[in-house]
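Per the working numbering, residue 227 is the first one in the sequence shown, and the count goes up by one each step.
Even glycine gets a Cβ: it sits at the ideal position worked out from N, Cα and C.
These figures come from a predicted structure and were not determined experimentally.
Here the structure is laid out as structure tokens; the discussion comes afterwards.
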Amino acid sequence: MNPNDKPRQNGQIRDAGGLADCTSRSGGPALPANAKSTCRKLLSEFRPSLIMGAALIVSGFVHLALLWITGASWEGALSLRKPGLFGVSAGVTVWSIAWVLTQLKPFRHDHDMATLMSAGLLLEVGLITMQHWRQVPSHFNRATRLDAAVESLMLGLILLVTAGIVWLCLRSRQLRPMSESRAVAIRAGLWLLLISCGLGFMTTIMGEVNVAHGRPPEIWGSAGVLKYPHGAALHAIQTLPLLAALMQTFRVSHARWHLRAAISGHVLFLTHALWQTFCGRARMDVDVIGGTILATAGLLLLWPIAAIALGAVASAVEFRRA
């Protein structure tokens, strides 16, 4: 073992580039040492979450396929876009929650909590899908007792899932031994997911204010899109660990610094979304400030992608020479 590959007090393993998993002796890409054990743990302990996540993703893609085949409108409260995007988004989030639990120090109720959170998202998206096929809006709709009950139940389910995410954020201080870059990715991804949930509740409150004043619930000011900030960093829990894994696979030096650039890019993109919305501007109707923030976010997100591409090329060259 490299003398730098020592467990840290916070349960991480670190080397000069922030990577500590095994690398191929032939000069090829590195492979995570615990990948097989993670897969076994997912299949043995979190199978219900994997199944529910798969059901959500399949449902989402079916609705998106129907949207494409029929040529229906992408916009509007009754669009197939809603069950489609909600299904895919919730499905990958369910899978991510299950995976994160395999990276935390174990707790006896992990299986129950994962199943409860997965079922909450499955039921919430199921209600959204039901409302679409009833041809009534799923949000900001209390036209009938059933519609009001559906909206209240969806809010309760999201509160339940959000409470679970808070629990994961707090527990992320206690991770299994892993590279520093992966640990940073998990923690940042979870906290950005929690912030996104909070922005979702803020969107709901502001939408209710609009409805009370006879305005469209999804627009703020003249053209600000209320759901834009909610979705801006919602999937950092997938993108950040993926970047960390790719940097580990291709043995990118100083991975933790590249990853922090990616985190900063996510934060700035979220800042851009908030700026656009609260200035009453559409997504791409950027002013100097919004454009500068967006461009900086893009450059920061491209930084680790470029490092991974260079690492992949170097690994390929090294592998051919071996």
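Output yes or no for whether 8 Å exceeds the beta carbon distance between residue i and residue j.
i, j, result
"leucine 348", "alanine 281", "yes"
"isoleucine 391", "leucine 353", "no"
"methionine 278", "serine 344", "yes"
"alanine 459", "leucine 418", "yes"
"glycine 426", "isoleucine 489", "no"
"glycine 433", "phenylalanine 476", "no"
"leucine 276", "lysine 331", "no"
"leucine 472", "isoleucine 412", "no"
"glycine 506", "glycine 447", "yes"
"glycine 491", "alanine 470", "no"
For residue i, is the classification buried or exposed, using 16 other Cβ atoms within 10 angstroms of its Cβ as the cut-off for buried?
i, result
"tryptophan 294", "exposed"
"serine 252", "Low confidence applies to serine 252: its pLDDT is 37, below 50, so where it sits in the model is not reliable, and the reading given next is rough at best. By the neighbour-count rule (16 or more Cβ atoms within 10 Å), serine 252 is not buried but exposed."
"serine 263", "exposed"
"histidine 358", "buried"
"cysteine 423", "buried"
"glutamine 474", "buried"
"threonine 328", "buried"
"threonine 503", "buried"
"threonine 370", "exposed"
"alanine 291", "exposed"
"leucine 269", "exposed"
"phenylalanine 545", "exposed"
"phenylalanine 272", "buried"
"methionine 510", "exposed"
"valine 410", "buried"
"alanine 256", "Note that alanine 256 has pLDDT 42, beneath the 50 cutoff, so the model's placement of it is unreliable and no number is given."
Identify the residues that DSSP records as bridge partners of residue i: which are they?
i, result
"glycine 450", "Trp446"
"leucine 330", "Leu401"
Measure from the alpha carbon of residue i to the alpha carbon of each residue in the options, then state which is nearest.
i, options, result
"arginine 408", "Val543, His484, Gly313, Gly310", "His484"
"proline 442", "Asp338, Gly302, Ala471", "Gly302"
"valine 314", "Ser405, Arg334, Thr328, His289", "His289"
"phenylalanine 287", "Pro309, Leu472, His358, Leu268", "Pro309"
"lysine 267", "Ala324, Thr370, Leu306, Arg334", "Ala324"
"histidine 456", "Ala499, Val437, Ala414, Arg368", "Ala499"
"proline 274", "Phe427, Asp336, Ile445", "Asp336"
"alanine 487", "Arg371, Ala414, Val351", "Ala414"
"leucine 416", "Val284, Met510, Arg547, Leu396", "Leu396"
"valine 387", "Glu350, Leu401, Arg368", "Glu350"
"arginine 307", "Thr355, Glu271, Val543, Asp338", "Thr355"
"cysteine 265", "Val326, Phe312, Gly447, Val284", "Val326"
"isoleucine 569", "Phe312, Glu271, Phe272", "Within the shown structure, residues of the chain are numbered from 227 to 548, placing residue 569 beyond reach of any answer."
"arginine 368", "Arg509, Glu406, Val437", "Val437"
"alanine 261", "Met404, Arg334, Val539, Val362", "Met404"
"threonine 429", "Ser398, Ile445, Arg360", "Ile445"
"isoleucine 431", "Phe366, Val514, Trp501, Val543", "Phe366"
Evaluate contact between the segment 313 to 320 and the segment 291 to 298, counting only Cβ atoms and requiring at least three cross-stretch pairs below 8 Å. no
Would you check if the segment 367 to 383 and the segment 450 to 460 touch, i.e. whether three or more CB-CB distances between them fall below 8 Å? no
Are the segment 515 to 523 and the segment 464 to 474 touching by the rule of at least three beta carbon pairs closer than 8 Å? When C-beta atoms of the segment 515 to 523 are compared with those of the segment 464 to 474, fewer than three pairs fall below 8 Å, so the two segments do not count as touching.
Counting Cβ pairs, one atom from each stretch, are 3 or more of them under 8 Å apart for the segment 522 to 535 and the segment 487 to 502? yes
Cβ contact check for the segment 468 to 483 and the segment 327 to 343: 3 or more pairs under 8 Å: With a cut-off of 8 Å, the segment 327 to 343 and the segment 468 to 483 do not count as touching, because too few Cβ pairs lie within range.
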